[in-house]
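For the sequence shown, the UniProt record's numbering gives the first residue as 1, with consecutive numbering after it. Note that the Cβ used here is the ideal one computed from N, Cα and C, for glycine as well. Scroll down for the structure; my scribbles are underneath it.
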Amino acid sequence: MKLVIFGRNKEIARIELYEVLSRMSIRFSLDYEEDRYWIISCEDETNINFHEIIQNLAGTLRIVDIKQVLHTIHDLDLEQWDLYLPKKYNYAISETGLNEEERDIVTEHAKAFAKNTNSKAIFKNPKSSGKERLIDPSSYISWNLEDGVEYVYFKSKDGDIYSGVTEGCGNTKIFKMLDTHLPARRFTHGTSFRVARMMMNILDLKENQTLADPFCGTGTFLIEGLLQRLNVIGIDNDSELVNDSKQNLHWLKNEFEINNSSEVILGDAKKTEFVADGVIFEPYMGPFLKNIPSIKEAKYIWNELNDLYNETFANLSMNLKLGNKVVCILPDIPSTSGEIFKLDEKVFESNGFMYTSLPSFLKTSAKIKYDTPDGSKIIRHVYILEKV
Numbered sequence: 001m002k003l004v005i006f007g008r009n010k011e012i013a014r015i016e017l018y019e020v021l022s023r024m025s026i027r028f029s030l031d032y033e034e035d036r037y038w039i040i041s042c043e044d045e046t047n048i049n050f051h052e053i054i055q056n057l058a059g060t061l062r063i064v065d066i067k068q069v070l071h072t073i074h075d076l077d078l079e080q081w082d083l084y085l086p087k088k089y090n091y092a093i094s095e096t097g098l099n100e101e102e103r104d105i106v107t108e109h110a111k112a113f114a115k116n117t118n119s120k121a122i123f124k125n126p127k128s129s130g131k132e133r134l135i136d137p138s139s140y141i142s143w144n145l146e147d148g149v150e151y152v153y154f155k156s157k158d159g160d161i162y163s164g165v166t167e168g169c170g171n172t173k174i175f176k177m178l179d180t181h182l183p184a185r186r187f188t189h190g191t192s193f194r195v196a197r198m199m200m201n202i203l204d205l206k207e208n209q210t211l212a213d214p215f216c217g218t219g220t221f222l223i224e225g226l227l228q229r230l231n232v233i234g235i236d237n238d239s240e241l242v243n244d245s246k247q248n249l250h251w252l253k254n255e256f257e258i259n260n261s262s263e264v265i266l267g268d269a270k271k272t273e274f275v276a277d278g279v280i281f282e283p284y285m286g287p288f289l290k291n292i293p294s295i296k297e298a299k300y301i302w303n304e305l306n307d308l309y310n311e312t313f314a315n316l317s318m319n320l321k322l323g324n325k326v327v328c329i330l331p332d333i334p335s336t337s338g339e340i341f342k343l344d345e346k347v348f349e350s351n352g353f354m355y356t357s358l359p360s361f362l363k364t365s366a367k368i369k370y371d372t373p374d375g376s377k378i379i380r381h382v383y384i385l386e387k388v
């Protein structure tokens, strides 16, 4: 039994996890869910490398091996957990929902376990507030908890305490490295690498298949595609951005010794032909908005975008095969009147695309609201579509 803790954009993160486990032919049942927590059971869990799995995920913060399900904290017994730790290690405690007495008890148990095993254990205690205390991934790595232990306690609404140790922690190191080392990075262009990876995992292409991005910008999706050992094709109508993409892809392929093909074309998303197994993009979304536009301005912006997207999907339809997927971010435009100009979904239907079917336990459609932390004035959704 595993506890899965999702980060921001939990609906997208759930779909990402489902797609990755499905790709690996790992069958699982969802035993319990609450907010951004899942309790799952997988077939043949002992032969699954969850540490490796989470390294390829962007929306999952932790995968925890459940050792005990406690009806009361007084049932806690670390001696039953079969923990094999070195004689010298660091440890930390992450928890959600415990009261002060319960926090004290789990802390004392961890100290007692170290003493009883004659270990030199150093407690790493982060600053925390509120009902949740979760070690951030950078601290998990810097404290070397991978070679030590992170105890995790999740108290559910029904009072049960799911207790265990971290088996895999999400690693943001690659995203930070790309943000600081890419030769051409424009922070006004491009999706975050974290969201790009989630979307790429949802697109679900296999190694050496071909990915296309018709609005490639500085190449964020192309970079993630190459990291997943895909062949990539980027299209953009801005020659400077095309050059930026080429620089970034050249650097990446040398840095990571990637041999997959990459091509960046100065072209038009509405017209340029390509051959690919899947498409992913975040397109032009109108002018940068410092304030929510008036209804007249919003309508004008949306009419322009609607024409662009309709012609883009018409071109995608001409270039993709039946069953090929499209994962993209598209906007709604709010106005000061309160009216929101939403995408006319005939853009998909009239061009031969439909929403991908998702299992009911995910409790979401293939259109998922995507909240950005930058205070953007437009409303974004991730769309998961396929050619029919």
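| task | State the Cα-Cα distance for the pair residue 346 and residue 304, rounded to the nearest angstrom. | result | When rounded, the distance between both Cα atoms is 16 angstroms.
| query | In angstroms, rounded to a whole number, what distance separates the CA positions of residue 230 and residue 253? | reply | Going from the Cα of residue 230 to the Cα of residue 253 covers about 12 angstroms.
| request: Could you spell out where the beta strand (DSSP E) holding residue 278 opens and where it closes? | output: Residue 278 -> beta strand (DSSP E) spans 278-281.
| query | Among 295, 239, 233 and 294, which one has its Cα closest to the Cα of residue 275? | reply | Of the listed residues, the one whose Cα sits closest to residue 275 is 233.
| For residue 312, which residues from the same chain have a beta carbon less than 6 angstroms from its beta carbon, with the 5 sequence-adjacent residues on both sides left out? | Once the five neighbours on either side are set aside, the close Cβ partners of residue 312 are 269 and 270.
| With 16 other Cβ atoms within 10 Å as the buried cut-off, status of residue 264 | By the neighbour-count rule (16 or more Cβ atoms within 10 Å), residue 264 is buried.
| Stretch-stretch touch, CB-based, cutoff 8 angstroms, three pairs: the segment 132-142 with the segment 26-38 | In the pairwise beta carbon analysis, the segment 132-142 is classified as not touching the segment 26-38: fewer than three pairs are separated by under 8 angstroms.
| task | Can you grab the Cα-Cα spacing for the pair residue 88 / residue 65, in whole Å? | result | Straight-line Cα distance between these residues: approximately 22 angstroms.
| query | Where does the unbroken beta strand (DSSP E) through residue 6 begin, and where does it stop? | reply | Note, residue 6: beta strand (DSSP E), 2-6.
| Which residue or residues does DSSP assign as beta-bridge partners of residue 381? | The bridge partners DSSP lists for residue 381 are 330 and 369.
| request: For residue 213, name the three-state secondary structure that DSSP assigns. | output: Residue 213 falls in the strand class under three-state DSSP.
| said: Applying the 10 Å Cβ sphere with the 16-neighbour rule, what's the burial state of residue 82? | reply: With a threshold of 16 other beta carbon atoms within 10 Å, residue 82 falls short and is exposed.
| said: With DSSP as the reference, identify every bridge partner of residue 353, one or two as the case may be. | reply: Beta-bridge pairing links residue 353 to 387.
| task | Can you tell me which of 355, 307, 2 and 256 puts its alpha carbon nearest to the alpha carbon of residue 284? | result | It is 307.
| message | Are the CB atoms of residue 78 and residue 119 within a distance shorter than 8 angstroms? | response | In this structure, residue 78 does not lie closer than 8 angstroms to residue 119 by Cβ.
| Where does residue 61 sit, in a helix, a strand or coil, going by DSSP? | In the structure shown, residue 61 sits in a strand (DSSP, three-state: E or B).
| request: With a 10 Å radius around its C-beta and 16 neighbouring C-beta atoms as the bar for buried, classify residue 111 as buried or exposed. | output: Exposed: under 16 other Cβ atoms inside 10 Å.
| field | Closest Cα partner of residue 281 within the set 235, 258, 262 and 117 | value | Selection 235, 258, 262 and 117 evaluated against residue 281 yields 235 as nearest (Cα-Cα).
| Just curious, the beta strand (DSSP E) that residue 154 is in, first and last residue? | Its beta strand (DSSP E) spans residues 149-155.
| query | Taking the continuous beta strand (DSSP E) assigned at residue 167, which residues delimit it? | reply | Bounds of the beta strand (DSSP E) holding residue 167 are 161-169.
| task | Along the beta strand (DSSP E) that carries residue 193, what are the first and last residues, could you check? | result | Unbroken run through residue 193 is the alpha helix (DSSP H), 193-203; no beta strand (DSSP E).
| task | From the DSSP output, in three-state form, read off residue 68 for me. | result | Residue 68: strand per DSSP, three-state reduction.
| Counting pairs of beta carbons, one from the segment 240-248 and one from the segment 290-305, are three or more of them closer than 8 angstroms? | By the C-beta criterion, the segment 240-248 is judged not to be in contact with the segment 290-305, since fewer than 3 inter-stretch pairs fall below 8 angstroms.
| query | Is residue 111 helix, strand or coil by DSSP? | reply | The answer is helix: DSSP assigns residue 111 an H, G or I state.
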